[in-house]
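A quick write-up on the structure given underneath.
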Amino acid sequence: MGIKIFYILAILYAILSGVGILNRELGAPYIYLFLFIVTAYYMAYISLKKIQFFYTIVAGMALNLMVQLTGGLLSPLFLFYAIAFLLIGFKDEIRNYWIVALTIISVELSSGLLVRKMEVFPIVLLVVAVMIIGYVIDLMQGRESRTSRSLLRYETRDQFFAPAAYESDKIKTSIGEIDRHKGIERPLLYFVKFIHNILNAHTTAIFALNEDKIVLVQGFSHSELFVPETVVDTQSGLYRRAIAERKSILIKEYLQRPEELGYYRGPVEINSVMIAPILLIDKVVGVLAIDRAVGSFQEKDKGIFDEAATTAGLLLAMLRLYEKARYDVQHLSSIAELAEKLHKRLDLSEILSDTVQAFKHFMPCDDVSIAKIDEFDNRGEVIVSTRIKERTKFPLDDGLVGFVARHKNSIIKDDLNKGNLVVFRKDVKTPNVSFVGVPIQQDDELLGVIWLEDHRRKRFNEDDVRILNILSYQLSLAWQRATLYDKVKELSIRDGLTDLYNHRHFQEILEAQIASVDELVLVLLDIDHFKKINDTYGHQAGDKVLKFLGRLISQIGVAARYGGEEFAIIMPKCSLKKAMDRAVRMKDQLLKSEVSVDQTKISFTVSVGIAHYPNDAKTRVELIEKADRALYVAKEQGRDRIIIAQTMKRQ
């Protein structure tokens, strides 16, 4: 009742404005006031997620009142119509845009004529702007509508043809690729053709139900005007009635327009129609429709048609179960192949790369990502992904991936646009709509999260989660094995006491660096009077001194324990001057530092020898000899000093 009164008041306002009663010429203060009020309303208008027609009418009335009170066609605010129409066109339906725009043009034209303030240029400019904006918006909305309808068709066909699993004697649908369901589509096609011929039909069509719309999935017709890509709104009409009442409808003499059936794009001679719901375990999943151009369907035909609709539901159930069994075999085989492949790998990056490729192969989707999780620091890091940049870090407090990690449980989201859900980080948007994620864990240890994304709604289901959990378990075993291998490998190249690289690995690194960089500096250093430290304070104190120096030098380059109390530092891509500065800062730091052993404070110094590649040497062996010679000279000259190989040449 209230909305009807509003529409009546809106019509009365249009009449008053059109006869020029509101046409005034208020001054600048009013212009600024009106502009502020209308701008505030339009900002609120464009922020609304769902637009009702009366919001648009109020927007048009507010702007028209502002223009009329400040001069009508001569108003300085007249040009704001173009901006307002652009906003209205993008927010509301194209039909409502034309209603409001043409009404305002009529009102302004009528007002200008009646108050004798007619100006041709503003009204022509307004008409041209309305036509151009309307054309552009119609083009864009048409393209968007076609894309939306296309996605709806694919989603609905996927649901209708997907394999199913029994649970508590009920069928649950699965979502999958349309071209994976030929085993269902072909038998259903033969069934439709059989019914079409038995009932001597002009057109026979099977629709799949998706919320308040039905999508044509199979059909036969003798008409050239038949539309195979049909999508029909079921909020009203014969289809709504058949679905709501859950029983068939027979219309012996069809008097409505054939276009209302949805699958014709023009006038077709139709005499009789039958429509019935397709039920699957007491749930309406589709509609069977049939029409006849010559003659009428009778009660006998309706009996056959009812049996056909019942058979269609049973046939669909059996075919889905067949596809379910086939998919289970296929997926188990793929899982076994992947598990065998993963168990042969010891490199974690190769394992994760193989996993992503395998998922893309037998669980088709747009994107697959894997992140490692650090529960202690409450953050994750993307290791491999088909969409996200590797090494991208994110907090576990945001997004669906963080939710999976915190709760150590799987999650499915059918539509990420509902509620503006975040996948893993607020500032990283996804072009996809569906999401499924599962944790990768071994016992109680969380290693990471794997998640899949797709541009279609309702792409993933519980069957996918079951498969993902099996795969994530296989992945966790391979992940742990690779991590253990890396640890063992790391132990083989590390010194047990200082955790620096050992002598053997130092030689390998130096050889590799000389082959790959233009210059580097090698620093050899030796703890002065280390034997005296061991004899005076004990070997535990000596170990603490070695560890302390190891931590210090690891901050200025690639550090290694060369042997005993002797250490080496490789500084790749470093000039001699920079290396000398670092060595001086290190010695200064040592002078200020003390190592605590029980109640005793131990101070110590080091002797340092420095050699530069390629100025001092061309090979690894020669470079070590030059640095070692410089170190020897430093100790000979009284220790606690730095000697550079080039200085020795000049001497």
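UniProt numbering puts the first residue of the sequence shown at 1, with every later residue one more than the last.
A virtual CB, placed ideally from N, CA and C, is assigned to each residue, including glycine.
PHE194 counts as exposed, since fewer than 16 other beta carbons sit within 10 angstroms of its beta carbon.
VAL545 and GLY419 have their alpha carbons spaced roughly 58 Å apart. Relative to LEU416, the option among VAL436, ASP397, ILE206 whose CA is nearest is VAL436. Here GLY71 is near PHE78, since their CB atoms are less than 9 Å apart. Here ASN409 is exposed: its Cβ has fewer than 16 other Cβ atoms, across all protein chains shown, within 10 Å. GLU25 counts as exposed, since fewer than 16 other beta carbons sit within 10 angstroms of its beta carbon. Between the alpha carbons of MET648 and ASP427 lies a gap of roughly 57 Å. Taking 9 Å as the cut-off, the Cβ atoms of VAL608 and LEU631 count as close. Ranked by how close their Cα comes to the Cα of ALA541, the residues ALA59, PHE403, THR600 have THR600 in first place.
One thing to note: GLU269 has its Cβ within 9 Å of the Cβ of PRO258. No alpha helix (DSSP H) of 4 residues or more sits fully in the segment 201 to 228. Between ILE278 and ILE104, the alpha-carbon positions lie close to 48 Å from each other.
Its chain contains LEU497, THR498 as the residues whose beta carbon lies nearer than 7 Å to that of LYS547, once the 5 sequence neighbours on both sides are disregarded; these appear in chain order. Secondary structure of GLN507 (DSSP, three-state): helix.
Taken through DSSP and simplified to helix, strand or coil, ALA62 comes out as helix. In the displayed model, ARG241 falls within a helix according to three-state DSSP. In the structure shown, GLN589 adopts helical secondary structure according to DSSP, grouped into three states. Between ALA478 and GLY399, the alpha-carbon positions lie close to 27 Å from each other. Setting aside the 5 residues that flank it on each side, VAL449 is surrounded in the same chain by ILE370, ALA371, ILE373, GLY380, VAL401, VAL404, ALA405, GLY437, VAL438, PRO439, ILE440, each with a C-beta closer than 8 Å to its C-beta; the list follows chain order.
When the Cα atoms are used, LEU452 and PRO431 turn out to be separated by approximately 13 Å. If one requires a minimum length of 4 residues, the alpha helix (DSSP H) runs lying completely within the UniProt domain "GGDEF" (518 to 647) are 530 to 537, 539 to 553, 576 to 592, 620 to 636, in chain order.
Of the candidates LEU321, LEU525, LEU352, LEU352 places its Cα closest to the Cα of SER472. The shortest C-alpha to C-alpha distance from HIS202 to any of ASN210, ALA208, PHE191, PHE226 is the one to PHE226. Apart from the 5 residues on each side of it in sequence, GLN513 sits with its Cβ closer than 7 Å to the Cβ of LEU520, ILE570, PRO572 in its chain, given in chain order. In the DSSP assignment, ALA289 falls within the beta strand (DSSP E) that extends over 283 to 292. The Cβ atoms of ILE553 and LYS587 lie no closer than 9 Å to each other. Nearest neighbour of LEU288 by Cα position, chosen from ARG265, ILE214, LYS429, ARG582, turns out to be ILE214. Per the C-alpha coordinates, the member of LYS50, ILE644, ILE83 positioned closest to LEU524 is ILE644. Here DSSP, grouped into helix, strand and coil, assigns VAL382 to strand. For SER111, the enclosing alpha helix (DSSP H) has its first and last residue at 94 to 114. Put simply, of LEU475, PHE191, LEU65, ASP138 the residue whose alpha carbon is nearest the alpha carbon of SER349 is LEU475. For VAL428, there is no enclosing alpha helix (DSSP H), as DSSP marks it with neither H nor E. Between the segment 503 to 518 and the segment 376 to 392 there are fewer than three C-beta pairs closer than 8 Å, too few to call the two in contact.
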